[in-house]
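Numbering (our numbering), first residue to last: 2 to 152.
The beta carbon of each residue, even a glycine, is placed where N, CA and C say it ideally should be.
From a predicted model like this one, the values you see are computed outputs, not experimental measurements.
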Ligand SMILES: [Fe+2]
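This is the structure:
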């Protein structure tokens with residue numbers, strides 16, 4: 002993904018963890034692509050909707066992996082992910098109905114995603130950065146050779 006995708010991510014939603022920020026930006030970019038495609042075809046474009054859902058699933062797994070690597074408790078955050086994914090899955094499945102509101106779906110995904118970044122991912126970003134600083138500090142200390150007293 003090029004840096005151009007970062008322009009899709011509002012500054013207020015940057016959490017300063019590059020891997021996560023790039024995935025967030027990609028998701029917003031894909032939502033715009035999906036919206037444009039639905040307008041162009043005047044229909045729900047299922048393949049692109051499923052691609053967005055898969056990006057979301059992969060993204061949740063990324064956050065879970067980073068949290069586990071940093072030794073963070075991810076229980077509540079993981080529950081929010083499962084709730085978000087099941088809500089979006091239900092909405093996607095409902096798109097098969099003829100009266101389905103595709104733009105309502107897009108608003109729903111954007112709302113959930115922005116709220117999730119604000120309420121959960123910003124805190125995760127702080128914890129991950131703090132954990133990385135602690136780890137760097139420990140590596141710095143560990144890099145000193147054991148001092149032998151010559152007195
Ligand atoms: Fe998250």
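Does the distance from the C-beta atom of residue 71 to that of residue 129 stay below 8 Å? As a working note, residue 71 is residue 70 in the chain shown. As a working note, residue 129 is residue 128 in the chain shown. Against a cut-off of 8 Å, the Cβ pair of residue 129 and residue 71 comes out as a contact.
CA-to-CA distance, residue 69 to residue 143, given in whole angstroms: As a first step, residue 143 is located in the chain shown; it is residue number 142 there, counting from the start. As a first step, residue 69 is located in the chain shown; it is residue number 68 there, counting from the start. In a straight line, the C-alpha of residue 143 is about 23 Å away from that of residue 69.
Residue 43 (DSSP reduced to helix, strand or coil): Along the chain shown, one-based indexing puts residue 43 at 42. Residue 43: coil per DSSP, three-state reduction.
Extent of the continuous alpha helix (DSSP H) run through residue 107: Translated into positions along the chain shown, residue 107 becomes position 106. Residue 107 -> alpha helix (DSSP H) spans 103 to 117.
Would you mind working out which of 41, 86, 61, 17 sits nearest residue 131, comparing C-alpha positions? Translated into positions along the chain shown, residue 131 becomes position 130. Nearest in C-alpha terms to residue 131, of all of 41, 86, 61, 17, is 17.
Distance cut-off 7 Å: residue 57 Cβ against heavy atoms of ligand 1: The residue labelled residue 57 in the question sits at position 56 within the chain shown. No.
Quick one: what's got a C-beta closer than 8 Å to residue 76's C-beta in the same chain, skipping five residues either side? Taking the chain shown and counting its residues from 1, one reaches residue 76 at position 75. Answer for residue 76: no residue qualifies.
Residue 38: which of 136, 97, 52 sits nearest, CA to CA? As a first step, residue 38 is located in the chain shown; it is residue number 37 there, counting from the start. Selected option, being the one with the closest Cα: 52.
Just the C-alpha distance for residue 138 and residue 87, rounded to the nearest angstrom, thanks. Counting from 1 along the chain shown, the entry for residue 138 is found at position 137. Counting from 1 along the chain shown, the entry for residue 87 is found at position 86. Whole-angstrom Cα-Cα distance: 40 Å.
Going by C-alpha to C-alpha distance, which of 64, 103, 49 sits closest to residue 22? On the chain shown, residue 22 is found 21 positions in, with the first residue counted as 1. Of the listed residues, the one whose Cα sits closest to residue 22 is 64.
For the alpha helix (DSSP H) that residue 86 lies in, which residues bound it at each end? Your numbering for residue 86 matches position 85 in the chain shown. Residues 76 to 95.
Return the chain-ordered list of same chain residues with a C-beta closer than 6 Å to the C-beta of residue 91, the five sequence neighbours on each side being excluded. Looking up residue 91 in the chain shown gives position 90. Closer than 6 Å at the Cβ level, and outside the excluded window around residue 91, lies no residue.
What's the gap between the Cα of residue 125 and the Cα of residue 115? Taking the chain shown and counting its residues from 1, one reaches residue 125 at position 124. Taking the chain shown and counting its residues from 1, one reaches residue 115 at position 114. The C-alpha of residue 115 is placed about 14 Å away from the C-alpha of residue 125.
Does the beta carbon of residue 125 fall short of 7 Å from some heavy atom of ligand 1? Within the chain shown, residue 125 is the residue found at index 124, counting from 1. For ligand 1, at least one heavy atom lies less than 7 Å from the Cβ of residue 125.
Rounded separation between residue 43 and residue 107 - CA only: Counted from its first residue, the chain shown places residue 43 at position 42. Counted from its first residue, the chain shown places residue 107 at position 106. Rounded to whole angstroms, residue 43 to residue 107 spans 14 Å at the Cα level.
Can you tell me whether DSSP reads residue 2 as helix, strand or coil? Reading the chain shown from its first residue, position 1 is the one you call residue 2. Its pLDDT being 45, under 50, residue 2 is placed unreliably by the model, and the measurement read from it follows with that caveat. Here residue 2 sits in coil by DSSP.
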